[in-house]
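**Q** Sequential numbering from 291 applies to the sequence shown in the numbering used here. Heads up, the beta-carbon is just placed ideally off N, CA and C, and yes, glycines get one too. Just passing along the structure, written as structure tokens.
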Amino acid sequence: MELEKIDKIIEKYSSDSSSLTSILSEIQAEYSFLPQDVLKRVAEKLEIPMTQLFGVVNFYKIFKLEPSGKYIIRVCLGTACHVKGAHGILEEFERKLKIRVGETTKDLAFTLEKVNCLGCCSLGPVAMVNDDHCGQMNAVKVNSLLKRLSSSGKY
Ligand code: FES
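See the structure below:
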């Protein structure tokens, strides 16, 4: 981990602890998660206890302590998608990826998450792969989607 890069981000905010969420957001944008040694450096530079830092990291769901997969799959479990079988879609992803929701595959290819609404309820059940919406999902589409992403070799 390049601690000089971390120091530069912190210095950009004048080492001001009130900018902690901005500092953490920028670091996470750089590394895709918040590694332990980086958090330790942030705490040292801002002169705040690790407990305070973890309090902020755990409060905001956007912060991740583990690396995410190349493909982040978000399955909507909002009401409109729920009534159209979203839980079955989520279970199919879990079964095929051999992970539970909230987990990442060992090869860091896929992270599986659940969300409450993706804003396109008429397309339900909906999943998202990174920034792309996948509407009217079913088990066949889950399998072909995963096959296509796996064979693309982009991760
Ligand atoms: S409830 Fe699923 S997109 Fe709105």
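Cβ-heavy atom distance between residue 373 and ligand 1 below 7 Å?
**A** Looking up residue 373 in the sequence shown gives position 83. Not under cutoff, so the answer is no.
**Q** Spatial neighbours of residue 436 within its chain, please: CB distance less than 6 Å, with the 5 preceding and 5 following residues excluded, ordered by chain position.
**A** As a first step, residue 436 must be located in the sequence shown, where it is residue number 146. Hits under 6 Å: 386.
**Q** Using the rule of at least 16 other Cβ atoms within 10 Å of the residue's Cβ for burial, across every protein chain shown, is residue 428 buried or exposed?
**A** Here residue 428 refers to the residue found at position 138 of the sequence shown. The residue in question, residue 428, is exposed, as its Cβ has fewer than 16 Cβ neighbours within 10 Å.
**Q** Give the C-beta separation of residue 408 and residue 416 to the nearest angstrom, bearing in mind that I take them to be a contact with Cβ-Cβ under 8 Å.
**A** For this step, residue 408 is matched to residue 118 along the sequence shown. For this step, residue 416 is matched to residue 126 along the sequence shown. Yes, residue 408 and residue 416 are in contact; Cβ-Cβ is about 5 Å, under 8 Å.
**Q** Which runs of the beta strand (DSSP E), 3 residues or longer, sit entirely within the stretch 350–427?
**A** 361–366, 400–405, 417–419, 422–424
**Q** So residue 391 packs on residue 379, CB below 8 Å; how close in whole Å?
**A** The residue you call residue 391 lines up with position 101 of the sequence shown. The residue you call residue 379 lines up with position 89 of the sequence shown. Actually they are not in contact, since the Cβ atoms of residue 391 and residue 379 sit about 11 Å apart, beyond 8 Å.
**Q** With a threshold of 7 Å on Cβ separation, who are the neighbours of residue 313 within its own chain once the five nearest residues in sequence on each side are excluded?
**A** Counting from 1 along the sequence shown, the entry for residue 313 is found at position 23. So the qualifying residues of the chain are 299, 300, 303, 332.
**Q** Below 8 Å on the Cβ atoms is my contact criterion, and I expect residue 336 with residue 355 to pass it. Report the Cβ-Cβ distance as a whole number of Å.
**A** Working through the sequence shown from its first residue, we reach residue 336 at position 46. Working through the sequence shown from its first residue, we reach residue 355 at position 65. Not a contact, Cβ separation roughly 18 Å.
**Q** Check each candidate in 341, 422, 318, 360 and name the one with the smallest Cα separation from residue 399.
**A** The residue labelled residue 399 in the question sits at position 109 within the sequence shown. It is 360.
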